[in-house]
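Student: Dumping the structure here so I can ask a few things about it.
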Amino acid sequence: MCLGNNPYQCSVFWYEDENLVHFKYPLPPGAKQEDVKVEIDEDENLLTVSLSFPKKKEGDTTTPIISMKFNLPAGLDLVGFKTTIDDAGVLAVTFTKLKPQKPEKKKPMPIPKKMLGWLLKAVPICFLTGSKMGDEMCSGDY
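To convert, take the position in the sequence shown, counting from 1, and add 1; that gives the numbering used here.
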């Protein structure tokens, strides 16, 4: 998807392998490593790439800056990312995927042997009492 007429916004690539997510963005011709600033906003889950260009003339008072924001996928280590710029001028930002946390399995609570013995004695009494009450309820007139 392209935003406006900027060809650089059409050339963003995301791809992933088993443990890493890669972001690649071709920089404008002439951009140097010191012109590029990469920031991560952990609260908004955003990657910001800013490019500042040197002043063209000695008397220029402004520095042109391009800044683009990209949504990051969930489940990334946003602190331990790596950035590189290759000889072709492509910025690469690599993120490590976080390992999914396995839910903690709840262990069944063992029933103490003393309680189990009491329970085995109580169940027949309850069953017999329930049967007797059921017979009395069903045998009478309503």
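Glycine included, C-beta positions come from ideal geometry on N, C-alpha and C.
Source: prediction; values computed, not measured.
Could you tell me which of G60, I67, D18 and Y26 sits nearest to T84, measuring between CA atoms?
Tutor: Ranking the options by Cα distance to T84, first place goes to Y26.
Student: Compute the Euclidean distance between the alpha carbons of D88 and K108, then round it to the nearest angstrom.
Tutor: Whole-angstrom Cα-Cα distance: 56 Å.
Student: P27 lies in the beta strand (DSSP E); which residues open and close that run?
Tutor: L21 to P27 is the extent of the beta strand (DSSP E) around P27.
Student: My assumption, with CB atoms under 8 Å, is that L99 sits in contact with L77. Please give the rounded CB distance.
Tutor: Between L77 and L99 the Cβ distance is about 7 Å, and since that is below 8 Å, they are a contact.
Student: Any idea if V80 is buried or exposed, counting beta-carbon neighbours within 10 angstroms, 16 or more meaning buried?
Tutor: That one is exposed.
Student: Using the Cα positions of G23 and E40, report the straight-line distance between them to the nearest angstrom.
Tutor: The sequence given here has His at residue 23, not Gly. Each residue's alpha carbon lies about 15 Å from the other.
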